[in-house]
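Beneath this line is the structure, given in structure tokens, with notes to follow.
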Amino acid sequence: LARNGVEYVEVRSVDLDPYAPIGVTEDQLRFLDVFLLYCALGDSPPDSAEEQRRRGANQAAGVVRGREPGLVLQRPEGGERSLADWANEILDGCTPIAEMLDRAAAASGAAPDLHAAGLRLARARVAGTEETPSARILRELRAGDSSFYRFAMDRSTANARAIRDLGPPANLEAARALARQSLEDQARVEAEDDVDFETYRLRYLASARPNTRGA
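So my numbering is basically just the index in the sequence shown, starting at one, shifted up by 882.
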């Protein structure tokens, strides 16, 4: 990290949206852009065992009681704050970032206000829990007197149909050629291996350590 920085960030805690054929919408992706920049630009004080405990408690509360009106979470610096108030505080911090990204996009000829639209979607869901995906799912389950399994199968079938109706992409053959080339490259690299994985791992770790001699 000291020598090369961060090449990319992999976001692994985002749930698939069952109402989007590809699992995520453009508004959601733009909001993620804004939110990740907000996280990167904010202060990052040293972690502590107490903060880890609070974070674990907050995550458990959100998972089990996230739809509970007035749900209260523990702040890192101590004290408590409602989930809605804390979320709105974060969204307030995201607002200038969304505006900056939209100005940059407009300057390059893109449609204006796209990141702000993603932020408005997030605000609507904080303001009224009935706007959240979980509320929509619950309404459908109750209206249809159906099981969650049946709901999931119906949504999966509808999303698959929507994708198939688009027809084959124009670059399908190019994608297939890239896939074949990737498998051939993998086979070639594996055939050229001259050390076992553990030896490779130790060499990699040794080369990745920043050189601190003379510091």
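Where a beta carbon is used, it is the ideal one built from N, C-alpha and C, also for glycine.
In DSSP terms, what residue i is bridged to
i, result
"Glu962", "Gln956"
Rounded separation between residue i and residue j - CA only
i, j, result
"Arg1095", "Ser895", "Reliability fails at Arg1095, whose pLDDT of 47 lies under 50, so the model's placement of it is uncertain and the value that follows must be treated cautiously. Computed Cα separation, rounded: 39 Å."
"Ala1052", "Gly924", "42 Å"
"Leu1054", "Pro903", "19 Å"
"Asn886", "Glu1022", "49 Å"
"Gly1026", "Arg1037", "13 Å"
"Leu1001", "Asp1075", "48 Å"
"Gly975", "Thr1039", "39 Å"
"Ala1097", "Ala939", "At Ala1097 the pLDDT is 41, less than 50, meaning the model places this residue with poor confidence and gives no usable figure here."
"Trp968", "Ala1042", "37 Å"
"Tyr1086", "Phe1079", "10 Å"
"Leu1024", "Phe1030", "In the sequence as presented, Leu is not what sits at residue 1024; that position holds Arg. Looking at the two C-alpha atoms, the distance is approximately 10 Å."
"Pro1050", "Leu1060", "16 Å"
"Glu1072", "Glu1066", "10 Å"
"Ala993", "Ser930", "43 Å"
"Leu1020", "Arg1070", "51 Å"
6 Å CB neighbourhood of residue i in its chain, flanking five on each side removed
i, result
"Asp995", "Asp984"
"Val945", "none"
"His997", "Arg912, Val916, Ala980, Leu983, Asp984"
Same chain only: Cβ atoms within 7 Å of residue i, ignoring 5 sequence neighbours per side
i, result
"Asp899", "Gly905, Val906, Thr907, Gln910, Pro1015"
"Arg960", "For the record, residue 960 in the displayed sequence is Gly; it is not Arg. Taken in chain order, the list of residues that qualify is empty."
"Thr977", "Leu1001"
"Arg936", "Gln956, Pro958"
Contacting residues, own chain, Cβ-Cβ under 8 Å from residue i (five flanking each side not counted)
i, result
"Leu1003", "Asp909, Gln910, Phe913"
"Ala1017", "Arg949, Thr1011"
"Ile1045", "Pro903, Ile904"
"Asn970", "Arg1005, Val1008"
Residue i, DSSP secondary structure in three states
i, result
"Arg937", "helix"
"Ser895", "coil"
"Asp1047", "helix"
"Asp915", "helix"
"Val1077", "coil"
"Thr1011", "helix"
"Arg885", "coil"
"Val1071", "helix"
"Ala1052", "coil"
"Glu1066", "helix"
"Pro903", "coil"
"Gly948", "coil"
"Arg1095", "Residue confidence for Arg1095 is low, a pLDDT of 47 falling below 50, so the modelled location carries little weight and cannot support an answer."
"Tyr920", "helix"
"Tyr1086", "helix"
"Ser926", "coil"
"Tyr1031", "helix"
"Asp995", "coil"
"Ser1038", "helix"
"Ser990", "coil"
Cβ-Cβ separation, residue j to residue i (assumed contact under 8 Å), whole Å
i, j, result
"Val916", "Ile979", "5 Å"
"Ala966", "Val1008", "6 Å"
"Pro958", "Glu933", "5 Å"
"Leu919", "Val891", "The Cβ separation is near 11 Å, so there is no contact."
"Ala943", "Leu953", "6 Å"
"Arg1125", "Leu955", "Residue 1125 lies beyond the stretch modelled for the chain, which goes from 883 to 1097, so this question has no answer here."
Residue-chain proximity (residue i, chain C), Cβ-Cβ < 8 Å
i, result
"Glu971", "No chain C is part of this structure, which consists of one protein chain only."
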